[in-house]
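So this note's numbering is basically just the index in the sequence shown, starting at one, shifted up by 1418. C-beta: ideal position from N, C-alpha, C; glycine also. Just so we're clear, the structure is a prediction, and the values are computed from it rather than from any experiment.
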Amino acid sequence: MPETRPPSLKDVARAAGVSYQTVSRVINDGPRVSSDTRRRVLEVIAELGYRRNDAARALKTSRSRTIGVIADASPRYGPVSTLTAVESAARSAGYTALVATMDRPDPELVADTFRDFAERGVEGVVVIAPRVPMAQVAQEVPADLPVVMLAPGRASQPGLTVFFEDQQLGARLAVRHLVEAGHVDVAHVAGSQEWLDGQVRLAGWRAELEAHRLTPGRVWFGDWSGESGYEIGRQMLSTGLPSAVFVASDLMALGLLRAVHEAGVSVPRDLSVVGFDDNEFAPQVFPPLTTVRQSFSTVGRRCMEILLSLMEGEPVDTRPVAPALVVRSSTAAPRA
């Protein structure tokens, strides 16, 4: 005789004729549930023999000391560093993080993950959404838990608090540095526009040039890799170099530096270059790369502070984290 699986929260919701969010509110003694609905759900729980497992333990102790994290599966420097920072901040606050990584999220997958987190008794969720599809799905799928989404340039909405590092400001700092050095022909190597940081860094480059009454120069689009930066560098050489270029990631900047060095171009005498990230290679290349430093540890700590405030029903401070410009040796005034 085949072994039957234990009833799930979804089974309870179907039998009671309510949403799984309502069942979650009942088992976690949450608000906004009528007495009749609560009684019906509890009757179905008893009838089906639903066991709450982690959620039950959380009810006994009042707190599970666990958060859920939905993270982009990309191996890129930014998403990986953000996930590491959030996990570290959770540990420092005395919480364990349950992590679910997704490459191509869809509403059903995200809804199932929220449901699984609720059944495990997590107290809140962080969604790391560097790409447009993840951000869109997180904005569409309701969760019966406090949720903080890390998504540059997106806005908060009911049930979803958005927080980010101000990458548009970072791009503007990079361009401002070049303009104040005397450059008027400032090109941009943008990251993939499927990525929110690619979009906001492109917008920051354009906004800062326009603020100085300069016409935005040429734009090339890469895929964040050193290889794409190298190929774009070769394209620049064939079409004519600008006097300066803001590159949306350090890896692409390193590839571009290799291409122009191979052609005998001197940086910064012939071309000034600014990157973004301040990864471990930026100070080691020649010349050391001027770049925008992201503070992932600050983002992780602030994100956890916001989530804890939401879980306690307290006001939150979602002001973006400000990045910093790190000036090294890859930028200078343009040649006379």
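Item: Out of Ala1681, Gly1588, Val1602 and Asp1429, state which residue places its alpha-carbon closest to the alpha-carbon of Leu1743.; Value: Gly1588
Item: Here's the rule I'm using: 16 or more other beta-carbon atoms within 10 Å means buried, otherwise exposed. How should Thr1749 be labelled?; Value: buried
Item: For a test of the three-state rule: what should DSSP assign to Met1419, helix, strand or coil?; Value: Because Met1419 sits at a pLDDT of 41, beneath the cut-off of 50, its placement in the model cannot be relied upon, and the following sentence gives the value as read from the coordinates. Coil, per DSSP.
Item: Beta-carbon separation of Pro1752 and Ala1599 under 9 Å?; Value: yes
Item: Taking the alpha-carbon of Leu1725 as reference, which of Ala1662, Ala1511, Ala1433 and Pro1570 has the nearest alpha-carbon?; Value: Ala1511
Item: Rounded C-beta distance between Val1604 and Leu1596? I'm assuming under 8 Å.; Value: 5 Å
Item: So for Gly1486, helix, strand or coil by DSSP?; Value: strand
Item: Give me, in chain order, the residues of the same chain whose beta-carbon lies closer than 8 Å to that of Asp1429; leave out the 5 immediate sequence neighbours on both sides.; Value: Leu1466 and Tyr1468
Item: The alpha helix (DSSP H) with His1757 in it runs from where to where?; Value: The requested residue 1757 is not part of the displayed model; the chain covers only 1419 to 1754.
Item: Can you find the residues in the same chain that come closer than 8 Å, C-beta to C-beta, to Met1670, ignoring five residues on each side of it along the sequence?; Value: Val1607, Gly1609, Gly1640, Trp1642, Ser1643, Gly1644, Ser1646, Gly1647, Ile1650 and Gly1693
Item: Buried or exposed: Arg1475, going by 16 or more other Cβ atoms within 10 Å of its Cβ?; Value: Summary for Arg1475: the model assigns pLDDT 49, below 50, so the residue's position carries little reliability, and this model does not support an answer.
Item: Do Ile1488 and Thr1519 have their beta-carbon atoms positioned less than 9 Å apart in this structure?; Value: yes
Item: Note down, one range per segment and in chain order, each alpha helix (DSSP H) of at least 4 residues found wholly within the stretch 1692-1739.; Value: 1714-1730
Item: Is it right to say Phe1704 is buried, meaning 16 or more other beta carbons lie within 10 angstroms of its own, or is it exposed?; Value: exposed
Item: With DSSP as the reference, label Leu1578 as helix, strand or coil.; Value: strand
Item: Could you spell out the range, first to last residue, of the alpha helix (DSSP H) harbouring Ala1561?; Value: It is not in any alpha helix (DSSP H) - Ala1561 carries neither H nor E in the DSSP assignment.
Item: Quick check: the Cα distance between Arg1590 and Arg1619, rounded to an integer number of angstroms?; Value: 8 Å
Item: Pick from Ala1662, Asp1454, Gly1718 and Val1459: whose alpha carbon is nearest that of Ala1433?; Value: Val1459
Item: With 16 as the cutoff for other CB atoms within 10 Å, does Gly1539 come out buried or exposed?; Value: buried
Item: Specify, as a first and last residue, the run of the alpha helix (DSSP H) that His1679 falls within.; Value: Asp1668 to Glu1680
Item: Using C-beta distances below 7 Å, list every residue in its chain close to Ala1569, excluding the 5 sequence neighbours before and after it, in chain order.; Value: Ala1547, Ala1553, Val1580, Phe1582 and Leu1614
Item: Expressed to the nearest angstrom, what Euclidean distance is found between the alpha-carbon atoms of Thr1657 and Ser1499?; Value: 36 Å
Item: How is the alpha helix (DSSP H) around Trp1613 delimited, first residue to last?; Value: Run containing Trp1613: none; DSSP gives neither H nor E here.
Item: DSSP beta-bridge partners for Ala1508?; Value: Bridge partners of Ala1508: none, in fact.
Item: Counting C-beta neighbours from all protein chains within 10 Å, is the total for Ser1684 16 or more, i.e. buried, or is it exposed?; Value: exposed
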